[in-house]
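Have a look at the structure below before the remarks.
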Amino acid sequence: MTTTSPGASGAVAPAVEIAGVTKTFGGLTAVSDIHIEVARQSIYGILGPNGAGKTTVLNMISGFIAPDSGSISVFGDEVTRMPPHRIARHGVARTYQNIRLFGGMTVLETVVAGAYMRRSSTIGGALLLSPGERRERKRVRERAQALLEQVGVRSAHDELAETLSYGDQRRVEIARALATEPQVLLLDEPTAGMNDAESKEIGELLLQLQASGLTLILIEHNMRLVEEFCESVSVMNSGVMLAQGTPSWCLEQDDVKEAYFGKSSDAARIATLRRARRGSSGS
Amino acid sequence: MSTTAWIITLQFAGVNALFALGVYASLWTGVLSLAPIFFGAVGAFTFGYLAATLGLPPFLGLVLGIVIGALLGVVTAGIVIRLSSHYLAMATIAMVLIGRVLILNLPEYTGGAAGTLIPGDLGTWPWLIGVLVIAGFVMSRLAGSRFGFAADAVREDPAVAQTLGVSPRHIQLVGFILSGAFSGAAGVMQASFLQYIGPDTFYTHLGFVTLAAVVLGGAFHWAGPIVGAVVFTVLPELLRDVMGDYDRVVTGVLLVLIIIYMPRGLVDLRRFRLLRRRSRGSEPSGVSASRESANQEVLS
Numbered sequence: 287m288t289t290t291s292p293g294a295s296g297a298v299a300p301a302v303e304i305a306g307v308t309k310t311f312g313g314l315t316a317v318s319d320i321h322i323e324v325a326r327q328s329i330y331g332i333l334g335p336n337g338a339g340k341t342t343v344l345n346m347i348s349g350f351i352a353p354d355s356g357s358i359s360v361f362g363d364e365v366t367r368m369p370p371h372r373i374a375r376h377g378v379a380r381t382y383q384n385i386r387l388f389g390g391m392t393v394l395e396t397v398v399a400g401a402y403m404r405r406s407s408t409i410g411g412a413l414l415l416s417p418g419e420r421r422e423r424k425r426v427r428e429r430a431q432a433l434l435e436q437v438g439v440r441s442a443h444d445e446l447a448e449t450l451s452y453g454d455q456r457r458v459e460i461a462r463a464l465a466t467e468p469q470v471l472l473l474d475e476p477t478a479g480m481n482d483a484e485s486k487e488i489g490e491l492l493l494q495l496q497a498s499g500l501t502l503i504l505i506e507h508n509m510r511l512v513e514e515f516c517e518s519v520s521v522m523n524s525g526v527m528l529a530q531g532t533p534s535w536c537l538e539q540d541d542v543k544e545a546y547f548g549k550s551s552d553a554a555r556i557a558t559l560r561r562a563r564r565g566s567s568g569s
Numbered sequence: 003m004s005t006t007a008w009i010i011t012l013q014f015a016g017v018n019a020l021f022a023l024g025v026y027a028s029l030w031t032g033v034l035s036l037a038p039i040f041f042g043a044v045g046a047f048t049f050g051y052l053a054a055t056l057g058l059p060p061f062l063g064l065v066l067g068i069v070i071g072a073l074l075g076v077v078t079a080g081i082v083i084r085l086s087s088h089y090l091a092m093a094t095i096a097m098v099l100i101g102r103v104l105i106l107n108l109p110e111y112t113g114g115a116a117g118t119l120i121p122g123d124l125g126t127w128p129w130l131i132g133v134l135v136i137a138g139f140v141m142s143r144l145a146g147s148r149f150g151f152a153a154d155a156v157r158e159d160p161a162v163a164q165t166l167g168v169s170p171r172h173i174q175l176v177g178f179i180l181s182g183a184f185s186g187a188a189g190v191m192q193a194s195f196l197q198y199i200g201p202d203t204f205y206t207h208l209g210f211v212t213l214a215a216v217v218l219g220g221a222f223h224w225a226g227p228i229v230g231a232v233v234f235t236v237l238p239e240l241l242r243d244v245m246g247d248y249d250r251v252v253t254g255v256l257l258v259l260i261i262i263y264m265p266r267g268l269v270d271l272r273r274f275r276l277l278r279r280r281s282r283g284s285e286p287s288g289v290s291a292s293r294e295s296a297n298q299e300v301l302s
């Protein structure tokens, strides 16, 4: 796996580089001419209100959707229009906004399934009872248990993954992604449905993963988490980039505020409407 | 039923189990395919032709069936794997129909409408049990293997499987090869038991019985198709003694009931796991205790 690939200027290529990417669905422009550069071993946030095109960006990095134009590279290698399983082999793993666990699998099996790329045994080895294959099964199970501990899954490992609490299901998804031993981890709303304490735990896990060499890109609505853990962010709205930079600077920008809270004139109008309604109801 | 009738019924149950495993091998990778019937037909008729012209020894005949089935699996996968789910299923149903047309129109090899005679050397219990044990061994070894987890992942969510580095096409190709090998063996065994095969031996009826066996037995564990095939072959025979011609009504109703109340079939690991969870109780002490034991496992 490439860890360094010399660019044209001899500089180290960024972990992920999105250059002028546009994607339209029919008449709707989901993502319009987006440029994002994610430095190696950083925690990068993608922010924006619902429908801003954040998940579309993640889907294009992981290869679910091919961009109409522009290019995406991972560690300097162009991955635009590659099938997702080949992009995964470039070290990209991800989790999903609407949790996508495998039905019928236990917690442990789910993570073992994630280790596919890190196993080398063959069907022949499995059929001929080769000792190497048996050792590999044991190794993969132990690694899966260690990963589940690392991400803080509280449930028993032989439970059906789909019966776990919302927070634990998200953690199992992260463990499954980590089992691929990725270099870039894409997290789509990792703390959705978690309370403050749990979100904090996820934040600390992110730092731990960063320290171990991973580059993390997350879509997140929890601003406290973003301000505390992300070094830089992109804020999108309706497929357009509004601001890029440090989280606190971005959130100060007028068009960012407007995207999240509406125009200040609208806010005044809503206040007037509320007063009027309260007056008419007679209380 | 008399003892002879029981023996014959159970032999057919065994052969149907092999065909059902052929259907299951594809279904495991998320592909609904009736191609096993076609693979079985080609295996059986090739075996019959070569046995008649060259005097093929029985063991070679069986190996031949397996190899022909596996090769056809590769060719079929190459042609149909690009199709999406229901179009792919329809293409494999078309293969079953085409198979019959081929049999009717190649009389110099297949005997045409009159069919052909097959030597019965392989049509004995030791051969059947031997083949079934090997098939069961193969499936049980594969279930926990690298391929097995990838197949489960592709069946449950091919898109997520791809982000784990799994190529669904590759896994489905292997599924087709396994499917072909099982069905090729099943075709040769079926022919050897019947000692006569014709254009209707490997046709839609066998296809639907096999599919029903997989659905009834459980399409999520390799033991499911075997259980399903035995139940679905033996039950109609038992019912026929009591109910005469109404046995099909009962088996039909049973199939519908199982689809409604046990949609994942008789052998369903997921249901067993849910039941175990319920019986274990949901008191928090149990959960933390099991977590501690998991901790110890990791540490040790």
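Note that the protein sequences, when read in sequence, are chains A and B.
Note that my numbering has the first sequence beginning at 287, numbered continuously upward.
Note that my numbering has the second sequence beginning at 3, numbered continuously upward.
No residue lacks a Cβ here, since even glycine has one placed at the ideal position from N, Cα and C.
Taking a Cβ-Cβ cut-off of 9 Å, the neighbours of S169 (chain B) in chain A comprise P369, H371 and R372, given in sequence order. Residue pairing by DSSP places K309 (chain A) opposite A:V317 in a beta bridge. Between the region 21–39 of chain B and the region 145–158 of chain B, the count of C-beta pairs closer than 8 Å reaches three or more; the two stretches touch. Spanning the alpha carbons of T501 (chain A) and V317 (chain A) requires a straight line of approximately 23 Å. Only those residues of the region 331–358 of chain A whose C-beta falls short of 7 Å from the nearest C-beta of chain B are listed: S348 and F350. For Y452 (chain A), no chain B residue has a Cβ inside 7 Å of its Cβ, as the nearest lies near 16 Å away. Collapsing the DSSP output to three states places S518 (chain A) in a strand. In its chain, beyond the 5 residues on either side, G24, A27, S28, P38 and G75 have a beta carbon closer than 6 Å to the beta carbon of S181 (chain B). Look at F311 (chain A): its C-beta is not under 8 Å from any C-beta on chain B. In the structure shown, T501 (chain A) falls within a strand segment according to DSSP collapsed to helix, strand and coil. Contact check for R273 (chain B) and P201 (chain B): beta-carbon distance about 41 Å, past the 8 Å limit, so the pair fails to qualify. Residue nearest to M191 (chain B) within the set B:T6, B:V176 and B:F49 is B:F49 (criterion: CA-CA distance). Bounds of the alpha helix (DSSP H) holding I131 (chain B) are W127 to A145. Boundaries of the alpha helix (DSSP H) around I409 (chain A): I409 to L413. Judged by their CB atoms, L491 (chain A) and G331 (chain A) are not nearer to each other than the 8 Å cut-off. Listed as beta-bridge partners of L333 (chain A) by DSSP are A:V521.
Taking CB atoms only, G146 (chain B) has a neighbour in chain A less than 8 Å away. Among the CB atoms of chain A, one or more fall inside 8 Å of the CB of F149 (chain B). Close CB contacts of K309 (chain A) within its chain, under the 7 Å cut and outside five residues either way in sequence, are with A316, V317, T342, M346, I351, P353 and D354 (chain order).
Among the residues of the region 152–164 of chain B, those with a Cβ less than 7 Å away from any Cβ of chain A are A152, D154, A155, E158, D159, A161, V162 and Q164, in the order of the chain. Annotated three-state conformation of R275 (chain B) is helix, per DSSP. Three or more Cβ pairs drawn from the region 448–456 of chain A and the region 381–389 of chain A lie within less than 8 Å of each other, which places the two stretches in contact.
In the three-state DSSP reduction, G438 (chain A) falls in the coil class, being neither helix nor strand. Inter-residue distance for E239 (chain B) and E467 (chain A) is about 54 Å (C-alpha atoms, whole angstroms). Chain order gives the chain A residues near L271 (chain B) as G390, where near means a beta carbon separation below 7 Å.
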